[in-house]
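**Student:**
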Amino acid sequence: MQIVSAAVARPIDRCWRAFTDAATMTAWVPGLRTADVIEARPDGLPLEVRFGFATTLRYALRYTYDLPAHVVRWEPKESALGAVRGFARFEALTGGTRFTYALEHDTGRKAAERAFDNPNTLVEAFSRWMHEDRD
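Residue 781 is where the sequence shown ends in my numbering, and the numbering goes up by one at each step.
(1) Who are the Cβ neighbours of A771 in its own chain at under 8 Å, not counting the five residues just before and after it?
(2) Out of P714, G690, E724, F745, state which residue places its alpha-carbon closest to the alpha-carbon of A706.
(3) With burial defined as no fewer than 16 other Cβ atoms inside 10 Å of the residue's Cβ, what is the status of M647: buried or exposed?
(4) Please check if any C-beta of chain D sits within less than 7 Å of the C-beta of A706.
(5) Measure how close the beta-carbons of T670 and A664 come, nearest whole angstrom, since I'm counting them as under 8 Å.
(6) Skipping 5 residues on each side, what residues in its chain have a beta carbon closer than 8 Å to that of G741?
(7) Whole angstroms are fine: how far does the CA of S651 sit from the CA of E750?
(8) Are the beta-carbon atoms belonging to A715 and G732 less than 7 Å from one another?
(9) Check E778 in the structure and name its three-state DSSP category.
(10) Can you find the residues in the same chain that come closer than 7 Å, C-beta to C-beta, to D763, ignoring five residues on each side of it along the sequence?
Below is the structure:
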């Protein structure tokens, strides 16, 4: 599992809400075309999301949350070929948030598909997107 961190000059709650909002994922995840919430918790956080990428890659992920720790974890729904598993953690810093992102690819994932989910690229993309006018 590859783990990458970055400082984001935005409050922890704003980063958390943005990351856990499936409706915004296509704005910052490279190559992602659709992110459809299949099931949600009563508080609106997604429990299952189906993803569609620019390639023919499609899979669903199940999410769990540690709200006090600001940690979200995901894993494939059953045996979704080509899916990913990982976690994101948000920690308050003076003047912002430490964003930590961890990702592990399924062995069936093609090299071109792995390029979409490079953790460095995803952390950079989320950080850049958050630094746009998100106030």
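We treat Cβ as the ideally placed atom computed from N, Cα and C, and that holds for glycine.
**Tutor:** Taking the definition as stated:
(1) W674, V675, P676
(2) E724
(3) exposed
(4) Of the protein chains in the structure, only one exists, and it is not chain D.
(5) 6 Å
(6) A655
(7) 15 Å
(8) no
(9) coil
(10) V730, L749, H751
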